[in-house]
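> Going down the list, the protein sequences come from chains A and B. The numbering of the first sequence is the working numbering, which starts it at 1 and goes up by one. The numbering of the second sequence is the working numbering, which starts it at 1001 and goes up by one. Glycine is no exception: its CB is placed at the ideal position from the N, C-alpha and C atoms. Predicted model, so just to flag it, every value in this text is computed and none were measured.
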Amino acid sequence: MSRGAAERVVPTPLVASSHQRRLVSGDRIFGVFAYAAALLILVIAAVFIVALVIPALPAITKFGLGFFVSRTWDAVRNEFGALVPIYGTLVTSAIALLIAFPIGLGAALFLAEDARLRWLRGPLSFLIELLAGIPSVVVGLWAFFILTPLMRDKVDPFLQHSFGFLPLFKGTPTGYGFLTAGLVLAIMVLPIMIALSRDVIRAVPRDLREASLALGATNAETIWSVVLPYARIGITGAVLLSLGRALGETIAVTMVIGNTMQISASLFASGYTLPSVIANEFTEATGNVYLGSLFYLGVVLVLVTIVVNVLARLLIWRFSGAVRAAA
Amino acid sequence: MELISLIRKEENIASMKRVLIALCVGAAVLLAACGGNTGATNPSTGGPSALTPPAASLTGAGATFPAPFYDAARFAYNQKFSQVTINYQAVGSGAGIQQLTKKLVDFGASDVPMNAKELTAAGGADAVVQIASTLGTESLAYNLSGVSNGRLKLTPKTIAGIFLGTIKNWNDPLLAADNSGVTLPNQAITVLHRSDGSGTTYIFTDYLSTVSADWKTKVGTGKSVAWPTGQGAQGNAAVATRITQTPGAIGYVELAYVLQTNMAQASLQNHDGNFVIPSPEGATAAASQFLAINPTQFSIVDAPGKTSAPISGYSWLMLYKDQTDKTKGTALVDYLDWLVTDGQQYAANVHYAKLPSNIVKDDINSLKTVASGGSPLLPSSVTAPS
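Quick look at the structure:
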């Protein structure tokens, strides 16, 4: 490496051929371009944050940090708080990941590891990519017309019948609410979860698997103690990307969450999410404080995304650290 | 299914419009090339329709509530005067007011006239002319098996009770008292409302605040309010669909959506105590009860009169009194003059109501104050048709 670098920066002492000179200047141009591109990302991020915070200022000065714990959202009295949509955003994303993580990982393992149904891999992979490409509004339409009646008439009554003693499944199911929204989000993040996990699982070196098998481990043991720990970081990435999509998803959630400003322990209850409030109300929002509060919600959404991402990373580092220590 | 056919219909109209706009642009270019820009208007002889507007391209933005009417009217206007291109963006009242204030559009549209604060931002109360452009009415649509269209009777008291969440079941004694002869089921009421800010919500909550002191103190009037009960859906179409989907549901929707989807709607008790089924005629009847309507006194809900539809309201258009571009300004006032007179005949097709004649007169008088460089753009000879 160091030799290669030396060759590149120190040209032949006396006269550099024109060809070499061109290479050097080409390198420089490319270097400048790469730095500029990286800098541009920083600039875009900074401009974005500033553009979000400045219009939010009337609301930030009026409500301060109390915005995060207030349950009121009343445009008539000009009183706003973000607690209800924060709760809705977190609950629906959590449901989505709880459903999508095991299914996604299972599907990824099947696609990457199982050799028996090899002919299925091609069509399945194609379908997954197709699923990832479906616009969210189309998923929303499907959920609005097909999924919600199904939830109301079949799934919710079944859950209530079986687990009705839990506060999670109390109340009258309408088909619109946290559970349906979480399910829709799960469907939307599954393709990301599967495709990314499959790729990282496939990237686990063959030597490691063979070593494990040679030591007498079964297929399942190999997957559990060799493949998954190795692919851990990649799978974490898949989970975080899925989470990012779930937190920010707007239109499909708006169509099935029920858009009610309430916090309820029941998953059948309708609620609200941060992006849904913004999407619903910005067109008719008049007045600095009202509009500012919607921008403030945008700031909150960015913050929630950052906090959740950091927490998820910490959790996984801790968890994987513990696994390593135990092993 | 009905929703889909509705959407398709709109798409057809949209594509027709596109073709028409293309033709208009072509015609305008031709006209300009021939130097055929007439510039000034001919003095009116036989009513406002005799005006010939100059070639111009106008843009407007705002309310979604009256958008179907504006589209239908524009289509008809362009068949007559192809030299005027009108581009209306239904982006919502709030956005419409903002775009007008920033002078990004030639006219704004809103279901609620601009208030004092908004007018100050736009250059003062005298800077902007606001005219009523159309009249709409709302229905309470429901989904109850065995209770056919118009059979359910609602009074101001029960409507407020349902939306406040104090009446929770269809077999509530208060509802039963008004509905003798109809068997109301023992079924929970699912209340549906708009989740997006909308003029439809403004008119409905204005009505509730007028008829219920409880509503006025607890919730109030607005395009978006803190609902005590129920679930929200985005847009009239989604509310309508959710009502059709959900047994036991009730919600407020624009009349057009009820009629186009054949939903059951309640018969509503008006101020005089009569039960009426909302209709465009009922809206006109309600509006004609209020003679002195202006941008600060514009509420016509709970109108007296035998046939008045109780949940009705105007939609408004705003433009600057001082038009910097004379040609554009002339075309704009000519178009708006046509819209509030001849254009009103296109309201019925899309289930909006005709403006009452006193409002048309007010509108034309307001339009006469629009000027460019100090000279009025609408000829003083223009009067409202009697």
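Spell out whether any CB of chain A is found under 8 Å from the CB atom of Gly1165(B).
no
> Going along the chain, which residues of its own chain have a beta-carbon closer than 8 Å to the beta-carbon of Ser1404(B), five neighbours each way excluded?
Any property of residue 1404(B) remains undetermined from this structure, which presents chain B solely from 1001 to 1386.
> Give the DSSP bridge partners of Ala1090(B), in chain order.
Ala1090(B) is not bridged to any residue.
> Report buried or exposed for Asp1334(B), applying the criterion of at least 16 other Cβ atoms within 10 angstroms of its Cβ.
buried
> Does chain B have any CB closer than 8 Å to the CB of Ala285(A)?
Closer than 8 Å: yes.
> Can a CB atom of chain B be found closer than 8 Å to the CB of Thr174(A)?
Closer than 8 Å to some Cβ of chain B, the Cβ of Thr174(A) qualifies, so yes.
> State yes or no: is the C-beta of Val256(A) within less than 8 Å of the C-beta of Ala59(A)?
Taking 8 Å as the cut-off, the Cβ atoms of Val256(A) and Ala59(A) do not count as close.
> Would you say Val1333(B) lies against chain A (beta-carbon separation less than 8 Å)?
no
> Our contact map puts Thr250(A) next to Gln1234(B) with C-beta atoms below 8 Å; I'd like the distance itself, whole angstroms only.
Contact doesn't hold; Cβ gap of about 11 Å is too wide.
> For Leu1140(B), is the classification buried or exposed, using 16 other Cβ atoms within 10 angstroms of its Cβ as the cut-off for buried?
buried
> Can the beta-carbon of Leu213(A) be found closer than 8 Å to that of Val308(A)?
no
> Interface residues of chain B around Trp399(A) at Cβ under 8 Å?
Beyond the ends of chain A as shown, which are 1 and 327, falls residue 399(A); an answer cannot be given.
> Could you tell me which chain B residues have their CB closer than 8 Å to the CB of Met151(A), listed as they occur along the chain?
Ordered by position in chain B, no residue passes the 8 Å Cβ test against Met151(A), which lies about 12 Å from the chain.
> Along the alpha helix (DSSP H) that carries Val1112(B), what are the first and last residues, could you check?
Run containing Val1112(B): none; DSSP gives neither H nor E here.
> Could you tell me which chain B residues have their CB closer than 7 Å to the CB of Glu281(A), listed as they occur along the chain?
Asp1196, Gly1197, Ser1224
> Threshold first: 3 residues or longer. Then list the beta strand (DSSP E) segments lying entirely within the region 1245-1281 of chain B, N to C.
If only complete runs of 3 or more residues are kept, the region 1245-1281 of chain B shows the beta strand (DSSP E) at 1249-1254, 1267-1269, in order along the chain.
> List the DSSP bridge partners of Thr1059(B).
Looking at the DSSP assignment, Thr1059(B) forms a beta bridge with Asn1087(B).
> Quick check: what's the CA-CA separation for Asp114(A) versus Thr180(A)?
32 Å
> Helix, strand or coil for Phe163(A)? Go by DSSP, reduced to three states.
helix
> Between the beta-carbon of Ala265(A) and the beta-carbon of Pro167(A), is there less than 8 Å?
yes
> Using C-beta distances below 8 Å, list every residue in its chain close to Ala312(A), excluding the 5 sequence neighbours before and after it, in chain order.
Thr236, Val239, Leu240, Leu243
> Under a Cβ-count criterion, where at least 16 other Cβ atoms within 10 Å of its own Cβ denotes burial, should Trp224(A) be classed as buried or exposed?
Trp224(A) should be labelled exposed.
> Thinking C-alpha only, which one of Tyr1346(B), Ala1256(B), Gly1248(B), Ser1381(B) is nearest Asn1171(B)?
Nearest in C-alpha terms to Asn1171(B), of all of Tyr1346(B), Ala1256(B), Gly1248(B), Ser1381(B), is Gly1248(B).
> Taking all protein chains shown into account, do 16 or more other C-beta atoms lie within 10 angstroms of the C-beta of Phe1163(B), making it buried, or fewer, making it exposed?
buried
> Taking CB distances under 8 Å as the criterion, tell me whether Gly258(A) reaches chain B.
yes
> For Ala1177(B), count neighbouring C-beta atoms within 10 Å of its own C-beta (all shown protein chains included) and say buried if the count is 16 or more, exposed if not.
exposed
> Report the residues of the region 1199-1224 of chain B with a CB closer than 9 Å to any CB of chain D, ordered along the chain.
Of the protein chains in this structure, namely A and B, none is chain D.
> Can the beta-carbon of Glu1138(B) be found less than 8 Å from the beta-carbon of Thr1200(B)?
In this structure, Glu1138(B) sits near Thr1200(B), with a CB-CB distance shorter than 8 Å.
> Could you pull out every unbroken alpha helix (DSSP H) segment of at least 4 residues lying fully inside the region 239-320 of chain A, listed in chain order?
For the region 239-320 of chain A, the continuous alpha helix (DSSP H) assignments of 4+ residues that do not extend past its boundaries occur at 251-256, 274-281, in sequence order.
> Would you kindly report the start and end of the unbroken alpha helix (DSSP H) that includes Thr180(A)?
178-202
> Distance, Cα to Cα, Ala1073(B) vs Trp1316(B)?
15 Å
> Any beta carbon of chain A sitting closer than 8 Å to that of Gly1251(B)?
no
> With H, G and I counted as helix, E and B as strand and the rest as coil, what does DSSP make of Gln1187(B)?
coil
> Give the range of the alpha helix (DSSP H) segment to which Tyr1070(B) is assigned.
1067-1080
> Applying the 10 Å Cβ sphere with the 16-neighbour rule, what's the burial state of Trp949(B)?
Given that chain B is displayed from residue 1001 to residue 1386, the structure contains no residue 949(B) and the question cannot be resolved.
> Suppose you measure from the CA of Thr222(A) to the CA of Asp199(A); what does that come to, to the nearest Å?
Taking the straight line from one Cα to the other gives about 17 Å.
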